[in-house]
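Its first residue numbered 59, the sequence shown is counted upward by one per residue in my numbering.
Everything on this sheet refers to the single structure shown next.
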Amino acid sequence: MSPALELSGISKRFGATQANDSVSLRVMRGSIHGLVGENGAGKSTLMSILSGLIAPDEGDVRIDGEIAQIRSVKDARNLGIGMVHQHFMLVDTLSVLDNILLADDVSSNWLPPARRHLKTKLMNLARQFGLDVPLDMPVQHLSLGTRQRVEILKELVRGARILILDEPTAVLTPDESEALFALMRRLRDQGCSLIFVSHKLAEIMAVTDHVSVMRQGRMELHKTTRDTSPQSLAEAMVGHAMSPAPEPHGHSCGEAVLMASALQLASRPGSAGLRYIDITLHAGEIVGLAGVSGHGQTDLLEVLAGLRSCSSGCIKLSDTEIDAANVTCADMRARGIAYVPEDRMRNGLVASMPAWESALLGHEGDAEYGSAWLKPANAREVCRTSMRAWDVRPEDPLCETRRFSGGNQQKLILARELATTPRVLLVGQPTRGVDIGAARFIHDRLRALRDAGCAVLVVSSDLEEVLQLCDRILVMQGGEIVGERRPQETNARDLGMLMGGEKQALPA
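Right, dumping it as structure tokens:
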């Protein structure tokens, strides 16, 4: 088997940060190559170089043995390189066909004959690779798994022979993930070369032929997948031995600290709303909220955090009743509820702000910052202390928020919200896009918070995370809670069936 792609001596520096340091990588033709590493290890920079988003300072790229000049995304596409990003690049209100047309810069493609030709070509590709995609349907009506297939089809129709998949299973159900893996194998078997970037080591082991590990900007390890193990990969990623993950919590929890009853919220595009939701959170427990994205989990978090008002329903915090139709974020925060949003960059941080400003959002009036008159020097020092306690790297309050890796951004938000010692923590996707070391760190902090008597509600699309972290699991589907499980009584497939509407699902 010959290499489809070779990277040799790739280096890239951003100011004082050496993102890639003489990195080499070889991807064989007709193979699936896994790429893993901690946040900030240099994976994104390397893939951005390969896809034409940025230029390397040094090094060579060879495609099919020939030196390739990649100065732009267009250059990469012309060389047969396509990338499916973790966050889909689609316009919800446009049809699948129009989204694919929009991704092309040739205006004549919008003319009726060209549209018909493209549609025929897409239908042929869909049949060839088993991609079931409704070309005339608006994207907003598609499941996340189907949207991902649209992104893959968009690259294939451009002639991609080397396909980069960046955290492709982050928002998929187990069944959707299995369907994606089957598609990846079909693509491989028909001669495509795939680079699979993921933090989920079990998936890397299940679907890849070869795997490479990056750490601190360097390539640490290359292995044939069958010759390695998740433990070996994890240790190569973090640079030291990893202790086994703790077992799920087993002892009884405390008093009910938050009770919500008959919560109703109208649906909106992309979200099912809430239909007579009843939920109780106890001190000293972590409750997981599982479900396909858009089925009410985000709505419930936002209502409990005071960001949205219900049409009806009641929220009770210990002995205090709150009308869910007139709740505010400031009121809930004052009552001891902390909130970590699912989308950290859209709703939790400001990318252009220095870290110390992002680290006090929503807490500007706290006494430690100077109360009514904000004292920046105080805020910067508090941020630095918090960064040290949460192992945020770099430990620099003046560094722009956008410059931190996803895991370090998540630590910034958690440090901010937990500084007030909340009675209830609402956290969405705590480790989405976060490496194994940072994920373990965050899980340990959430467990410590639980053991100190806090009630924690976790929304996660990662069912393995829900099973490992939570003491009790609720499943939402269509705006309703359709099932409850204890982690020791269920598995990912059972939860996935509940998420898909099988209300009588039984643990396998």
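A virtual CB, placed ideally from N, CA and C, is assigned to each residue, including glycine.
Note that the structure is predicted; figures quoted are calculated from it, not measured.
Taking the continuous beta strand (DSSP E) assigned at residue i, which residues delimit it?
i, result
"His-91", "90-95"
"Ala-348", "343-348"
"Val-269", "268-273"
"Met-300", "No beta strand (DSSP E) holds Met-300; DSSP gives it neither H nor E."
Helix, strand or coil: how does DSSP classify residue i here?
i, result
"Glu-547", "helix"
"Glu-453", "coil"
"Glu-560", "coil"
"Gly-67", "strand"
"Lys-132", "helix"
"Ser-153", "strand"
"Thr-459", "helix"
"Met-263", "helix"
"Lys-374", "strand"
"Lys-281", "strand"
"Ser-290", "helix"
"Arg-159", "As written in the sequence, residue 159 is Leu, which differs from the Arg given in the question. Leu-159 falls in the helix class under three-state DSSP."
"Gln-535", "strand"
"Pro-412", "strand"
"Asp-381", "strand"
"Phe-72", "strand"
"Ala-566", "With a pLDDT of only 43 at Ala-566, under 50, the local geometry of the prediction cannot be trusted, and the value read off the model is given with reservation. It is coil, neither helix nor strand."
"Pro-488", "coil"
"Gly-140", "strand"
"Gly-465", "helix"
"Phe-499", "helix"
"Arg-333", "strand"
"Gly-541", "strand"
"Met-317", "strand"
"His-199", "helix"
Quick one: using the 10 Å Cβ neighbour count with 16 as the cut-off for buried, is residue i buried or exposed?
i, result
"Met-181", "exposed"
"Asn-157", "buried"
"Phe-72", "exposed"
"Asp-336", "exposed"
"Leu-347", "buried"
"Asn-384", "exposed"
"Thr-151", "exposed"
"Lys-433", "exposed"
"Val-516", "buried"
"His-91", "buried"
"Leu-564", "Per-residue confidence for Leu-564 stands at a pLDDT of 47, beneath the threshold of 50, marking its modelled position as unreliable; the derived number appears in the next sentence. It is exposed - the Cβ of Leu-564 has fewer than 16 other Cβ atoms within 10 Å."
"Pro-327", "exposed"
"His-353", "buried"
"Ala-566", "Note that Ala-566 scores a pLDDT of 43, beneath 50, so its modelled location is shaky; the value from the coordinates is reported in the next line. Exposed is the call here."
"Ile-125", "exposed"
"Pro-171", "exposed"
"Met-147", "exposed"
"Ala-409", "exposed"
"Val-149", "exposed"
"Glu-360", "buried"
Once you ignore the five residues that flank residue i on each side, which residues in its own chain have a CB closer than 8 Å to its CB?
i, result
"Ser-130", "Gly-110"
"Asn-466", "Asn-97, Gly-98, Val-450, Arg-451 and Ala-496"
Taking the alpha helix (DSSP H) that residue i falls in, what are its first and last residues?
i, result
"Phe-573", "Any property of residue 573 remains undetermined from this structure, which presents the chain solely from 59 to 566."
"Gly-203", "202-214"
"Ser-367", "Run containing Ser-367: none; DSSP gives neither H nor E here."
"Thr-75", "Run containing Thr-75: none in the alpha helix (DSSP H); it sits in the beta strand (DSSP E), 75-86."
"Phe-239", "232-247"
"Gln-526", "521-527"
"Glu-360", "355-362"
"Ala-447", "434-447"
"Asp-389", "387-392"
Once the 5 residues before and after residue i are set aside, which same chain residues still bring their CB inside 6 Å of it?
i, result
"Ile-112", "Ser-106"
"Pro-455", "Ala-413, Trp-414, Arg-438, Cys-441 and Arg-442"
"Ser-370", "Gln-322"
"Gly-541", "Val-533 and Leu-556"
"Ala-318", "Ile-337 and Ile-373"
Roughly how many angstroms lie between the CA atoms of residue i and residue j, to the nearest whole one?
i, j, result
"Leu-291", "Thr-282", "12 Å"
"Leu-245", "Ser-89", "9 Å"
"Gly-406", "Val-398", "7 Å"
"Leu-527", "Gly-495", "15 Å"
"Ala-550", "Glu-560", "14 Å"
"Gly-312", "Ser-463", "36 Å"
"Phe-239", "Ala-388", "44 Å"
"Ala-330", "Gly-537", "5 Å"
"Gln-248", "Met-86", "13 Å"
"Ile-395", "Gly-420", "13 Å"
"Ala-299", "Ser-287", "13 Å"
"Val-315", "Leu-339", "6 Å"
"Arg-84", "Leu-65", "6 Å"
Can you list, in chain order, the residues of its chain with a C-beta nearer than 7 Å to that of residue i? Leave out the 5 residues immediately preceding and following it.
i, result
"Glu-422", "Leu-432"
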